[in-house]
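One structure is given here, and the rest of the page talks about it.
Structure, rendered in structure tokens:
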């Protein structure tokens, strides 16, 4: 036995890690989480209890209506009569109509392709790591509208022509809101720049345009387009209702987007403009390289707000006889074969759910975008 | 995404309004006027103004095809012209835009439960081609109220939609009969209906066809009944532009042909056999004798085409709103004159 050995025997030396102690009760664990987040103050505790009571009061009824007593299958209204909950059989029977409207059955693959292209354009846009962002944007802003227009209307390349009166449902909602967004963003930027321009003609045109479109309700614009316009045109001369709605919605939304962007432009300090000038940049270079990248980033919430309200406003095309998602759901309430006490509620809940999915998606995308572009402005 | 926009990006953004402008130019259709029948024949289909959804009269089925009483009238006119009831396109029109659409030529004929009134007939530049459905304002009550006539409704609370002729008719009726009532008014039709369903008033009043449609959405339809009194006249019919007599005749006589066919027992099933009938009236109706079809610019077998396509008036009624449909509306005033109603087809001769 060596000296060294004797020494180590004498002293205590730890050969393995001690098991970690549990963290103090006060900083973790479900109880602490509850105490911190739900019962931090007496007011919080009261609010939490009230909220829980409300959930306990409302949830069973909602679940019973939407799930347990709901009717999932059925051929017509007789399935949904009696003491039942939601009539999902109605949504199931009408689902293709809610998506495609009255688009001819054998041509619906064309709509499917457009939906697929839209998803194929949007998904990589939402993934920060995906490459080719610039081409992706060109695809979404330019290629997709043109390809969709050719595919959906047909009449060329051996495709049968499908008149827009047959379009409906989610298809119309997406077409109107997508064209509205794609047209109103660039147009809105130009109008916002125009309103701050030093050239009087440009400035007054922009002010006039914005104030005119912002000053009238969208309903009035659509009514004018559908009721007044035909009276001014020569008899028998019609133009497409969908096109009227598209132009109305796009111009209307441009005015709103323009004002949102102008807010962003005003937030950029004068020093930025002067610095750009000092570097010898021209007007468009200054705007493109210095001012707009900062201004647009600031107003992302406002822009997305405008686009979400645009998506929901598409429902107003109902009043000119076009059937967007909500319109076609409501139209189908008039089918006597499905008229039951539960049909309207079920249909509206379905429409609300679809709208919510799209609006929530847009909202999440904008939040992601804000985080990604947040270069040192976090407060 | 905004920061990455290059110079190209800007040009492209501006260019996106180009397809819009192009579409504007392409969307402008060719002008059409005067001889509607020739125009319809030339374009190959009938453009029919329809309702934006009214149970039994114009509503989409599961596949999205328009069905209903008014819709079948559109198909009948198309069948008379083309021999094919499917050569029709529908323009759903709201109450506000329906007359404009007809006046401007956006639709060829308006068959959209439109009430025939003097001012509409005389001052809008339009003509009513007949009455395909005699509607009128009625009352619905709970059976357990023990009321069997509207005259017993004195002191009742009545759910009614405000701002409509319905509300005015109601006031007129009770004043004329020296009765009291409590109007419970609502802005929207569905609010009115659900208020009645939840028991906030004793009776509900609107057009009789609407009462039957409302009954479908009630929790227990069997507990309610429609009272026999009809307190207003709402004759609904197809409308055409004034000043085109040939087209007016086509629509008017399509209506009469449907009535005559029912009266003579010509149905969708037996129309081919009926062609060999000895009855001179049937022979004239079906174009075996005479050239009545050619006289109004159609083929002589126009009625055969109509009946093959959609059936006679009775069949259209039964299929869409009659007792074999969910609405279960009785024929009532809309029965043929031979059955106690007032539907009367002028003779073909």
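Protein chains in written order, with my numbering: chain R, 3 to 381; chain B, 358 to 706. In this text, a Cβ means the ideal position worked out from N, Cα and C, and glycines have one as well. Note that this is a predicted model, so its numbers are computed, not measured.
Short-range partners of chain R found in the region 565-590 of chain B, where Cβ spacing is below 8 Å
570, 573, 574, 575, 576
Please decide whether residue 489 of chain B counts as near chain R, where near means a Cβ-Cβ distance under 7 Å.
The sequence position of residue 489 of chain B within the second chain is 132, counting from 1. No, no contact with chain R.
Counting only the same chain and skipping the five closest in sequence on each side, list residues whose C-beta sits under 7 Å from that of residue 149 of chain R.
Numbered from 1 along the first chain, position 147 holds the residue referred to as residue 149 of chain R. For residue 149 of chain R, where only same-chain residues beyond five positions count, the Cβ hits under 7 Å are 119.
Cβ-Cβ distance between residue 96 of chain R and residue 334 of chain R below 7 Å:
Numbered from 1 along the first chain, position 94 holds the residue referred to as residue 96 of chain R. Numbered from 1 along the first chain, position 332 holds the residue referred to as residue 334 of chain R. Yes.
Work out the CA separation of residue 447 of chain B and residue 657 of chain B for me, nearest whole Å.
Numbered from its first residue, the second chain carries residue 657 of chain B at position 300. Numbered from its first residue, the second chain carries residue 447 of chain B at position 90. In a straight line, the C-alpha of residue 657 of chain B is about 26 Å away from that of residue 447 of chain B.
Beta strand (DSSP E) segment containing residue 471 of chain B, residue limits
Mapped onto the second chain, residue 471 of chain B falls at position 114. Residue range 466-472 is occupied by the beta strand (DSSP E) that includes residue 471 of chain B.
Would residue 392 of chain B count as contacting chain R if we go by Cβ distances under 7 Å?
By one-based count along the second chain, residue 392 of chain B stands at place 35. It does not: the Cβ of residue 392 of chain B has no partner Cβ on chain R nearer than 7 Å.
For residue 318 of chain R, which residues of its own chain have a beta-carbon under 7 Å away from its beta-carbon, when the five flanking residues on both sides are left out?
As a first step, residue 318 of chain R must be located in the first chain, where it is residue number 316. Same-chain partners within the cutoff: 220, 221, 224.
Coil, strand or helix - residue 571 of chain B by DSSP:
Position 214 of the second chain, counting from 1, holds the residue named residue 571 of chain B. Assignment of residue 571 of chain B by DSSP, reduced to helix, strand and coil, places it in the helix class.
Quick check on DSSP: helix, strand or coil for residue 463 of chain B?
As a position in the second chain, residue 463 of chain B is number 106, starting the count at 1. Per DSSP, reduced to three states, the secondary structure at residue 463 of chain B is coil, with no helix or strand assignment.
Would you kindly report the start and end of the unbroken alpha helix (DSSP H) that includes residue 46 of chain R?
Here residue 46 of chain R corresponds to residue number 44 of the first chain, with the count starting at 1. Note, residue 46 of chain R: alpha helix (DSSP H), 44-65.
Please classify residue 229 of chain R: does DSSP put it in a helix, a strand, or coil?
The residue given as residue 229 of chain R occupies position 227 in the first chain. Residue state, collapsed to three classes: helix.
Please classify residue 301 of chain R: does DSSP put it in a helix, a strand, or coil?
The residue given as residue 301 of chain R occupies position 299 in the first chain. Residue state, collapsed to three classes: coil.
Residue-level contact to chain B via CB, residue 356 of chain R, 7 Å cutoff
As a working mapping, residue 356 of chain R is identified with position 354 in the first chain. Residue contact check for residue 356 of chain R against chain B: no CB pair falls below 7 Å.
Supposed contact pair residue 590 of chain B and residue 487 of chain B - C-beta distance, whole angstroms, cut 8 Å
By 1-based counting over the second chain, the position of residue 487 of chain B is 130. By 1-based counting over the second chain, the position of residue 590 of chain B is 233. Rounded, the Cβ-Cβ distance is 15 Å, inconsistent with contact.
Would you kindly work out how many angstroms separate the C-alpha atoms of residue 709 of chain B and residue 652 of chain B, rounded to a whole number?
The requested residue 709 of chain B is not part of the displayed model; chain B covers only 358 to 706.
Taking only beta-carbon atoms, is residue 104 of chain R less than 7 Å away from chain B?
Within the first chain, residue 104 of chain R is the residue found at index 102, counting from 1. Closer than 7 Å to some Cβ of chain B, the Cβ of residue 104 of chain R qualifies, so yes.
To which residues of the same chain is residue 123 of chain R closer than 8 Å at the C-beta, ignoring the five residues directly before and after it?
For the purposes of this step, residue 123 of chain R is taken as the residue at position 121 of the first chain. So the list reads 138, 141, 142, 146, once near-sequence residues are dropped.
Using 8 Å for Cβ pairs, my map puts residue 344 of chain R next to residue 82 of chain R. What's the rounded Cβ distance?
Against the first chain, residue 344 of chain R aligns to sequence position 342. Against the first chain, residue 82 of chain R aligns to sequence position 80. Yes, residue 344 of chain R and residue 82 of chain R are in contact; Cβ-Cβ is about 6 Å, under 8 Å.
By Cβ distance, which residues of its chain are closer than 6 Å to residue 215 of chain R, with the 5 residues on each side in sequence left out?
Taking the first residue of the first chain as position 1, residue 215 of chain R is located at position 213. Around residue 215 of chain R: 253, 254, 257.
Reference residue 351 of chain R, options R:276, R:327, R:84, closest by Cα
Translated into the one-based positions of the first chain, residue 351 of chain R becomes position 349. Nearest C-alpha to residue 351 of chain R: R:327.
Contact under 7 Å by Cβ, residue 259 of chain R with residue 308 of chain R
Locating residue 259 of chain R in the first chain gives position 257, counting from the first residue. Locating residue 308 of chain R in the first chain gives position 306, counting from the first residue. Yes, these two residues count as a Cβ contact at 7 Å.
Can you confirm whether residue 17 of chain R, when its beta carbon is compared against all beta carbons of chain B, has any partner nearer than 7 Å?
In the first chain, counting from the first residue as 1, residue 17 of chain R sits at position 15. So no, residue 17 of chain R is outside the interface.
According to DSSP, is residue 680 of chain B helix, strand or coil?
Taking the second chain and counting its residues from 1, one reaches residue 680 of chain B at position 323. Residue 680 of chain B falls in the coil class under three-state DSSP.
Chain R beta carbons: is any one of them nearer than 7 Å to that of residue 379 of chain B?
If you number the second chain from 1, residue 379 of chain B lands on position 22. For residue 379 of chain B, the pLDDT reaches just 35, beneath the cut-off of 50, and the residue's location in the model is therefore unreliable, although a value from the coordinates is still provided. By this cut-off, residue 379 of chain B is not an interface position.
Please list, in chain order, all residues of the same chain as residue 109 of chain R whose beta carbon is under 7 Å from its beta carbon, the five residues on each side excluded.
Taking the first chain and counting its residues from 1, the one referred to as residue 109 of chain R is at position 107. Beyond the five residues adjoining it in sequence on each side, residue 109 of chain R comes within less than 7 Å, by CB distance, of 162, 164 in the same chain, given in chain order.
What are the partner residues of residue 403 of chain B, as DSSP defines its beta bridges?
Translated into positions along the second chain, residue 403 of chain B becomes position 46. BP columns for residue 403 of chain B point to B:445.
Give me the Cα-Cα distance between residue 479 of chain B and residue 678 of chain B, rounded to the nearest whole angstrom.
If you number the second chain from 1, residue 479 of chain B lands on position 122. If you number the second chain from 1, residue 678 of chain B lands on position 321. The straight-line gap from Cα to Cα measures roughly 30 Å.
If the cut is a Cβ gap below 7 Å, which residues of chain B does residue 96 of chain R touch?
Here residue 96 of chain R refers to the residue found at position 94 of the first chain. The contacting residues are 419.
Is the beta carbon of residue 249 of chain R closer than 7 Å to that of residue 171 of chain R?
Mapped onto the first chain, residue 171 of chain R falls at position 169. Mapped onto the first chain, residue 249 of chain R falls at position 247. Cβ atoms of residue 171 of chain R and residue 249 of chain R: not closer than 7 Å.
Is residue 471 of chain B close to chain R, meaning its C-beta is less than 7 Å from at least one C-beta of that chain?
Within the second chain, residue 471 of chain B is the residue found at index 114, counting from 1. Cβ-Cβ to chain R under 7 Å: no for residue 471 of chain B.
Euclidean distance between Cα positions of residue 243 of chain R and residue 275 of chain R:
The count along the first chain starts at 1 and reaches residue 243 of chain R at position 241. The count along the first chain starts at 1 and reaches residue 275 of chain R at position 273. Rounded to whole angstroms, residue 243 of chain R to residue 275 of chain R spans 44 Å at the Cα level.
Determine the extent of the beta strand (DSSP E) in which residue 484 of chain B is found, giving its start and end residues.
On the second chain, position 127 is the one that residue 484 of chain B refers to. Segment 483-485, the beta strand (DSSP E) holding residue 484 of chain B.
Cα-Cα separation, residue 299 of chain R to residue 271 of chain R:
Walking along the first chain from the start, residue 299 of chain R turns up at place 297. Walking along the first chain from the start, residue 271 of chain R turns up at place 269. Looking at the two C-alpha atoms, the distance is approximately 14 Å.
Under a Cβ-count criterion, where at least 16 other Cβ atoms within 10 Å of its own Cβ denotes burial, should residue 330 of chain R be classed as buried or exposed?
For the purposes of this step, residue 330 of chain R is taken as residue 328 along the first chain, with counting starting at 1. It is buried - the Cβ of residue 330 of chain R has at least 16 other Cβ atoms within 10 Å.
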